[in-house]
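All remarks here apply to the structure that follows.
Protein chains in written order, with our numbering: chain A, 7 to 351; chain B, 51 to 684.
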């Protein structure tokens, strides 16, 4: 019997079991978090009848909701010193919890709305970067106060969708804006454009294998890669430019593998470092409107959020897919958090 | 007398027919003559307020609903009726709170109306909801106005409470400071560079109600007077843009129904309650939440008279602003140059075209007066049915692929429909000279809908398609001439009839309204419209002959261009992409004032509006937070 001929629920259970067994012998795998809107047709003022926001995938295969029921959480970032401290970028602004999600505070005021991304500086975790429609804000006191750090960004063209701190070079941050990719090497005090685009840069990621390698996807200019820590960028041939690419993910378990999520194209994968790309949508429900992809850094498991459908996983890098729940969701962010150790509460 | 006892007394004395029905809506059109006696005017105002409260309070007894909603709870509290039932219902409703400003506002209404009347448990249930239920701020100007006003008031009601007692995680004082700062900033922008969601058909309520709540319930006298001044500002604009209470001309936000049945919008409720010169909407809509504390405001006589007592035609120019563009634009808040020419019989209004708001904007029209506006479509206009994901992305912080569909699901069903009649377009440019409109369209190839839609009312009489290309018609006592600059065909106007929700978003069916849409499927296009009072001509034929004699030159390639003499004798030249030229002089929009006209005047950046009518004058000065009246000497 071919494995994928098994009933889907059984396949999912086996898959979870297999993953659990394979990693049980090693260190605990990274935990999987998502920021998910589980609410079709939500409009401002509607009663929220489902549970949206941050969810963690439990070893049992269940999704556990954490924190506020908020359909507008776009991103989450954890303090590396204390996993009970994390920040979200949401409709109301940047939010912070200090106790694992039990209590929250909206850290920004009326003048920052709808931030799209948030990133704790791993070198200086009191520092938090916020990508928002009005530009870039930085807090150096764990979100208590915020300052616009936009020198070098254009007055118009600084809508910022994504922001990522270089994990090995302090002070170095890359931001994806509507007019391109911007780089700072001094904690955001000044920025310079390293890639010009006509439309928004939707995602930026740093390779877990080579910190000098970064990848980006855009609304209308395909996917790009940098091999020199973001100083210059090269278009990845074969990536489509006639539709928006929503996000890109490196596979922490395999340096050759990357994946792209796209509402227009579904899942695209590369197994040769981005040189060639393959559509991997067989087994995903049609239409394959993929809102986000993620790759588990330990197992190489590929996750895909199909818009307002469910979260799907593939253990063969997109050749087959299985639903793992969160029906009706659109995942704005996958985050894989290293498992807790005695030194990380 | 305590408020509760006074309310009981009013409830006991009130005529029962108001309980059974809505006479203002169901009955004849109100008398539109000016009520000179201020005492009588005030008394009539209170009667209207009471009609709303009584009507809503009796929603269950009348069989309109099985249970009270937050509006009817508020109304009953206002009347001191059914207090135990109100408390019980509040407790029940607070078990499933809503999620944003459209829930916060009604809840604040109940909380304040019932603060001395609800049971401790009921009041605590409201308080708990504001602690445990995360409220979304929204993403539009009206969302923010409601959100921050309601958060402000609740924070004042519950002072000195720490962050863990609020869904924001901020203390009462922090919530209060943030809300206050936003509201003052918003008022500052409004009074310097213009209103954003200007002259809205429905959303006027989303501003007027919060401001009235500040007047009624804010403890800080500064916020009370600010609320009152904004109300005056809003109603001065309403008065100057209505004929017999019906809103005319362009606006930032309207909808598929109100854009043609001009009376059928919440703005009519506000005309009715303040000026008494038109019927309100069926059920009063959000006016229910206004009426609860409407006794705390009285429209100044100078504004009342602008709405009801005019001498003759007038020209008003206003500066407004677009919704903020976050990206894909060289400007955030673009200036909107609005022109209104209003006569006794009709009004012509416009702004210069381009984008004011990505959804629901209405750019220009002529509307005519009718003895009773209910059910009528007394308007004529054209639009380019612009629909674009990127256009949405400029204003909404969303990904590119879903917003167009999402907007349609959120109660804007026509957004991506070719024959739509609501919306602005970057490919439309409009110039107005008194009662002449020249609208030019230069639609790039490949644009989603390469056509222009013109609206022709079922209520027009004597519609003539002249061989010259002009279309002549009569609307009420107004003669109309409409010249489409390219070929066209007719399609029936398919209105949107709202169906009961099945819990999965808004639902509509499209039904023929009897009106027609002129579809002109050409990218380089235009409309010339001329209106005039029937009384100006010996007969309809004479009007047509006069129009046909006007010198007009039209070029559509390479870009649309019109050179003409208007009915009023002005020589105008309009070319797409260029400033209009009037009598040889380029129209300089940079000199546009915040308000300029016989009734409303304000300099750009001034924070100061002068409202005049005859010898009456009121000045709203946000610099000094003073509101001053005077009567000028003859």
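Using N, Cα and C, we set each Cβ at its ideal position, and we do this for glycine too.
Is residue i near the ligand HEM - that is, is its Cβ less than 7 Å away from at least one heavy atom of it?
i: residue 240 of chain B; result: This structure lacks the ligand HEM, and indeed carries no ligand of any kind.
Quick test of your reading: residue i and residue j, contact by CB under 8 Å. State the CB separation rounded to the nearest angstrom.
i: residue 475 of chain B; j: residue 433 of chain B; result: 7 Å
i: residue 635 of chain B; j: residue 367 of chain B; result: Actually they are not in contact, since the Cβ atoms of residue 635 of chain B and residue 367 of chain B sit about 16 Å apart, beyond 8 Å.
i: residue 477 of chain B; j: residue 492 of chain B; result: 6 Å
i: residue 56 of chain A; j: residue 334 of chain A; result: 7 Å
i: residue 197 of chain B; j: residue 154 of chain B; result: 6 Å
i: residue 426 of chain B; j: residue 311 of chain B; result: 7 Å
With a cut-off of 8 Å, does the C-beta of residue i fall near any C-beta of chain B?
i: residue 291 of chain A; result: no
i: residue 76 of chain A; result: yes
i: residue 253 of chain A; result: no
i: residue 37 of chain A; result: no
i: residue 116 of chain A; result: yes
i: residue 294 of chain A; result: no
i: residue 250 of chain A; result: yes
i: residue 224 of chain A; result: no
i: residue 139 of chain A; result: yes
i: residue 206 of chain A; result: yes
Can you look up residue i in the DSSP assignment and give me helix, strand or coil?
i: residue 323 of chain A; result: coil
i: residue 70 of chain A; result: strand
i: residue 140 of chain B; result: helix
i: residue 575 of chain B; result: strand
i: residue 525 of chain B; result: strand
i: residue 505 of chain B; result: strand
i: residue 337 of chain B; result: helix
i: residue 356 of chain B; result: helix
i: residue 330 of chain A; result: coil
i: residue 168 of chain B; result: coil
i: residue 76 of chain B; result: helix
i: residue 474 of chain B; result: coil
Of all Cβ atoms in chain A, is any one closer than 8 Å to the Cβ of residue i?
i: residue 15 of chain B; result: As shown, chain B starts at 51 and ends at 684. That puts residue 15 of chain B outside it, with no answer to give.
i: residue 57 of chain B; result: In this prediction, residue 57 of chain B scores a pLDDT of 47, lower than 50, which makes its location untrustworthy; the coordinate-derived value is nonetheless stated afterwards. Not closer than 8 Å to any Cβ of chain A, the Cβ of residue 57 of chain B fails to qualify, so no.
i: residue 53 of chain B; result: In this prediction, residue 53 of chain B has a pLDDT of 42, which is less than 50 and means its spatial position is unreliable; what the coordinates show is noted afterwards. Output row for residue 53 of chain B: interface = no.
i: residue 211 of chain B; result: no
i: residue 184 of chain B; result: yes
i: residue 187 of chain B; result: yes
i: residue 642 of chain B; result: no
i: residue 124 of chain B; result: no
i: residue 231 of chain B; result: yes
i: residue 498 of chain B; result: no
i: residue 449 of chain B; result: yes
i: residue 228 of chain B; result: yes
Taking buried to mean at least 16 other C-beta atoms within 10 Å of its own C-beta, is residue i buried or exposed?
i: residue 238 of chain A; result: exposed
i: residue 389 of chain B; result: buried
i: residue 124 of chain A; result: buried
i: residue 675 of chain B; result: exposed
i: residue 130 of chain B; result: buried
i: residue 40 of chain A; result: buried
i: residue 170 of chain A; result: buried
i: residue 142 of chain B; result: exposed
i: residue 253 of chain A; result: buried
i: residue 540 of chain B; result: exposed
i: residue 599 of chain B; result: exposed
Problem - Inter-stretch contact (C-beta, 8 Å, three-pair minimum) for the segment 147-154 of chain B and the segment 177-192 of chain B - result: Yes, since at least three Cβ pairs between the segment 147-154 of chain B and the segment 177-192 of chain B fall closer than 8 Å, the two stretches touch.
Handout entry: the segment 321-341 of chain B / the segment 81-100 of chain B touching (three or more Cβ pairs under 8 Å)
Key = These segments touch.
Problem - contact_flag[the segment 437-450 of chain B, the segment 329-337 of chain B] where n(CB pairs < 8 Å) is 3 or more - result: Counting Cβ pairs under 8 Å, fewer than three are found: no touch.
Exercise for the section: For the segment 228-236 of chain A and the segment 284-293 of chain A, state whether three or more C-beta atom pairs, one from each stretch, are separated by less than 8 Å. Expected result: The segment 228-236 of chain A is not in contact with the segment 284-293 of chain A.
Handout entry: the segment 159-166 of chain A / the segment 135-147 of chain A touching (three or more Cβ pairs under 8 Å)
Key = Contact annotation: the segment 159-166 of chain A touches the segment 135-147 of chain A, with at least three C-beta pairs closer than 8 Å.
Exercise for the section: For the segment 145-161 of chain A and the segment 192-212 of chain A, state whether three or more C-beta atom pairs, one from each stretch, are separated by less than 8 Å. Expected result: With a cut-off of 8 Å, the segment 192-212 of chain A and the segment 145-161 of chain A count as touching, because enough Cβ pairs lie within range.
Exercise for the section: Report yes or no: do three or more beta-carbon pairs, one from the segment 668-684 of chain B and one from the segment 363-381 of chain B, lie closer than 8 Å? Expected result: As far as the Cβ criterion goes, the segment 668-684 of chain B does not touch the segment 363-381 of chain B, which means the pair count is below three.
Exercise for the section: Could you tell me whether the segment 143-153 of chain A touches the segment 114-121 of chain A, using the rule of 3 or more Cβ pairs below 8 Å? Expected result: Look at the beta carbons and you see the segment 143-153 of chain A touching the segment 114-121 of chain A: at least three pairs across the two are nearer than 8 Å.
Exercise for the section: Determine contact between the segment 167-183 of chain B and the segment 223-231 of chain B, defined as no fewer than three beta-carbon pairs at a distance below 8 Å. Expected result: In this structure the segment 167-183 of chain B does not lie against the segment 223-231 of chain B, because fewer than three pairs of beta carbons, one per stretch, are closer than 8 Å.
Problem - Contact the segment 501-508 of chain B vs the segment 563-574 of chain B: 3+ CB pairs below 8 Å - result: By the Cβ criterion, the segment 501-508 of chain B is in contact with the segment 563-574 of chain B, since at least three pairs of Cβ atoms, one from each stretch, lie closer than 8 Å.
Exercise for the section: Determine, using beta-carbon pairs with one atom in the segment 446-462 of chain B and one in the segment 582-589 of chain B, whether at least three such pairs fall under 8 Å. Expected result: In the pairwise beta carbon analysis, the segment 446-462 of chain B is classified as not touching the segment 582-589 of chain B: fewer than three pairs are separated by under 8 Å.
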